[in-house]
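Residue numbers (this note's numbering): 25 to 379.
Positions of the beta carbon are idealized from the N, C-alpha and C atoms, including for glycine.
Please read the structure below before turning to the comments.
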Amino acid sequence: MDQSLKQTEKNTRGRLIVVDDDEAMLTNLQKVLSFYGFQVMPFSSAGDALKKAVSDKESFDAILTDFNMPGMNGTEFIERLRQTDPEAVAVFLTGYPSAENAVSALRAGAFDFLEKPFSNEHLAVTLDKAVELRQLHRKLEDYKSHLEEMLQERTKELRNTLRKLEKAYMTTMEVIVALLEVREPSTARHSKRVSDRTVFLARKMGVSNEKEIEAIAHGALLHDIGKVGIPDNILKKPGKLSPEEMEIMRNHAEIGYDVVSTIPDMGAAAEIVYCHHERYDGKGYPKGLAGENIPLAARIFSVIDTYDAIRFDRCYHKGTSMEEALAEIEKSSGIQFDPIVVSCFKANINEIDKI
Numbered sequence: 025m026d027q028s029l030k031q032t033e034k035n036t037r038g039r040l041i042v043v044d045d046d047e048a049m050l051t052n053l054q055k056v057l058s059f060y061g062f063q064v065m066p067f068s069s070a071g072d073a074l075k076k077a078v079s080d081k082e083s084f085d086a087i088l089t090d091f092n093m094p095g096m097n098g099t100e101f102i103e104r105l106r107q108t109d110p111e112a113v114a115v116f117l118t119g120y121p122s123a124e125n126a127v128s129a130l131r132a133g134a135f136d137f138l139e140k141p142f143s144n145e146h147l148a149v150t151l152d153k154a155v156e157l158r159q160l161h162r163k164l165e166d167y168k169s170h171l172e173e174m175l176q177e178r179t180k181e182l183r184n185t186l187r188k189l190e191k192a193y194m195t196t197m198e199v200i201v202a203l204l205e206v207r208e209p210s211t212a213r214h215s216k217r218v219s220d221r222t223v224f225l226a227r228k229m230g231v232s233n234e235k236e237i238e239a240i241a242h243g244a245l246l247h248d249i250g251k252v253g254i255p256d257n258i259l260k261k262p263g264k265l266s267p268e269e270m271e272i273m274r275n276h277a278e279i280g281y282d283v284v285s286t287i288p289d290m291g292a293a294a295e296i297v298y299c300h301h302e303r304y305d306g307k308g309y310p311k312g313l314a315g316e317n318i319p320l321a322a323r324i325f326s327v328i329d330t331y332d333a334i335r336f337d338r339c340y341h342k343g344t345s346m347e348e349a350l351a352e353i354e355k356s357s358g359i360q361f362d363p364i365v366v367s368c369f370k371a372n373i374n375e376i377d378k379i
């Protein structure tokens, strides 16, 4: 649309094509509508009005037309116009109201149907609504024409924002993990080690989607992040925890899930954090999930995490050999662990133990 038309739109209530074969009525409508702030293009012939409307559909916002006119009547005018301009908005006037005429006008695509005589204010309000509808149609057309470009740009912006958010989230999470390892020195390097090993085993188990692999790596790294909410006297206790203390300790899975689930595109990560203490036999926590109801990423991680805990020194036990740790894992196959995961783990134990 050129600048002159944009300027006209700003300075008027709307641009109207007004059609009436009665010259006196046409003159009166032009005066009234101009008084109300509309820009009026008057036509005494529907044929002339049609030529103008078809040749330049951007020159008007709405049409006000008489119903009964010689030659081409109002319904024929609008029907023919809407063949080339389906979104044209028309208000009909008639001095001979009838249900038949009203239905005919509506079928032609009338926005409204006014009976003479009508109040000037009612006419102005009706045309305001007609103009508004036309402008909405134009905005929709503009939006559609630029939709693909807008979507590409917005998608690019969104991806960049998400990448920044993910990076910021992960930086924060990694700092928390580092602080947690300071609180619990026996777990130093444990989180990074189990993360690398879980990714390795996940690939061997057929997980190939890189976004999922990335989420699994993050989930394994952050698996115990919920322990930030556990008191030191329980977290660092060298002996066996009391039932009450154990109940508090078990909360770390849900605490961690609440933290990690806020990170975009980290579904698999959150599953590991939430479900890494579930057991294949359904006797784990926090939900008591069993078998394949436990997410695959969590089933894989559970084997890796337990192996690492057995293999390395902890405050509550001395680390063992690779063979002894593997034997412990195999004992719990089908009980604590998914047998298929254990089988894949065993087949790759030499490589896993070197990571």
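| Check | Outcome |
| --- | --- |
| Closest to residue 243 by C-alpha separation, out of 97, 280, 227, 208, would be which residue? | 280 |
| Mind reading off the beta-carbon distance from residue 91 to residue 118? Whole number of angstroms is fine, and I expect it under 8 angstroms. | 4 angstroms |
| Give a yes or no on whether the C-beta atoms belonging to residue 334 and residue 349 are separated by under 8 angstroms. | yes |
| Look up residue 38 in the DSSP assignment and give the residues it is bridged to. | 62 |
| If we call anything under 8 angstroms between Cβ atoms a contact, is residue 420 one with residue 77? | A question about residue 420 goes unanswered here, because the residues of the chain that appear run from 25 up to 379. |
| From residue 58 to residue 52, what distance separates their C-alpha atoms? | 10 angstroms |
| Let's see if you can read the secondary structure: which residues bound the beta strand (DSSP E) around residue 165? | Residue 165 -> not in any beta strand (DSSP E); alpha helix (DSSP H) instead, spanning 144-207. |
| Cα-Cα, which of 273, 224, 338, 263 is closest to residue 371? | 224 |
| Compare the C-alpha of residue 310 against each of 275, 296, 347, 166 and name the closest. | 275 |
| Are residue 249 and residue 197 closer than 8 angstroms when you measure CB to CB? | yes |
| Short of 8 angstroms in beta carbon distance, which residues of its chain neighbour residue 379, apart from the five on each side in sequence? Order them along the chain. | 217, 220, 221, 224 |
| Below 8 angstroms, can you find three or more Cβ-Cβ pairs linking the region 170-181 to the region 189-209? | no |
| Three-state secondary structure (DSSP) at residue 370? | helix |
| Hey, could you find the ends of the beta strand (DSSP E) residue 139 is sitting in? | 134-139 |
| Considering only residues of the same chain and omitting the five flanking positions on each side of residue 315, which have a CB-CB separation below 7 angstroms? | 304 |
| For residue 251, is the classification buried or exposed, using 16 other Cβ atoms within 10 angstroms of its Cβ as the cut-off for buried? | buried |
| What span of residues does the beta strand (DSSP E) with residue 89 cover, start to end? | 86-90 |
| How should residue 17 be labelled, buried or exposed, when 16 other C-beta atoms within 10 angstroms of its C-beta is the threshold for buried? | Shown here, the chain extends from 25 to 379; a query on residue 17 therefore has no answer. |
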